[in-house]
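**Student:**
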Amino acid sequence: MNAVGRPGGVTFIAVLTWISGLLDVIGGTILLFQTSVAATVEEFGGASQLIASAIISILIGVVVIAVAGGLLRGSAGARMFITILQVLSIASSIFLAIAYPAGAIGEYFSIVISVIVLAFLWSGRANAFFRS
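Residue numbers (the UniProt record's numbering): 1 to 132.
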């Protein structure tokens, strides 16, 4: 157990991280169902690229959800891992918002959540919690 009590912000981060992962999974899953839509497939440059983008989004989301619990325990490794995955999630969401404009609103929401997670994850109180 950490010597410093877990700040409410870290609990908030874990919940937002979980939501962010869930949105990545949902976005990727919806994208997989678009393989029969010719215009969407064309926007991605082919079915292979569309499927690869969808699978990457789903995998990132699943891993983010799985590691979110480590944040609650004060794991510095989980903190770094989530930081890296949130940056990748932002990049993936930007790509998907550009490539598939019809689903851009969900991707923008995912980006906002990821940015909030990163801001709280590296706040002063969170730093003290993860150091102890």
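By construction, the Cβ of each residue, glycine as well, lies at the ideal position given by its N, Cα and C atoms.
Quick caveat, the model's predicted, so the values are computed rather than measured.
1. What does a CB cutoff of less than 6 Å around Q49 pick up in its chain, not counting 5 residues either side in sequence?
2. With C-beta atoms as the reference, is V10 less than 7 Å away from A126?
3. Between the beta-carbon of E107 and the beta-carbon of S89, is there less than 7 Å?
4. Terminal residues of the continuous alpha helix (DSSP H) containing W122?
5. Rounded C-beta distance between G70 and G61? I'm assuming under 8 Å.
6. Excluding the 5 residues flanking L96 on each side, which residues of the same chain have their C-beta closer than 6 Å to its C-beta?
7. Taking the straight line between their C-alpha atoms, what separation do you get for I56 and I19?
8. Hey, which unbroken runs of the alpha helix (DSSP H) at 4 residues or more fall wholly within the region 15–102?
9. Measuring alpha carbon to alpha carbon, tell me which of G21, V4, I13 ends up nearest L85.
**Tutor:** In short, the structure shows the following:
1. Short of 6 Å from the beta carbon of Q49, and not among the five residues preceding or following it, lies no beta carbon of its own chain.
2. For V10 and A126, yes; Cβs fall inside 7 Å.
3. Between E107 and S89, the CB-CB gap reaches or exceeds 7 Å.
4. Unbroken run through W122: none, as it is neither H nor E.
5. By a beta-carbon distance limit of 8 Å, G70 does not contact G61. Their separation comes to about 16 Å.
6. For L96, same chain residues with a beta-carbon under 6 Å away, outside a window of 5 residues either side, are E107 in chain order.
7. For I56 and I19, the distance between alpha carbons rounds to 17 Å.
8. You should have 38–43, 47–72, 76–99.
9. Checked all of G21, V4, I13; the closest Cα to L85 is G21.
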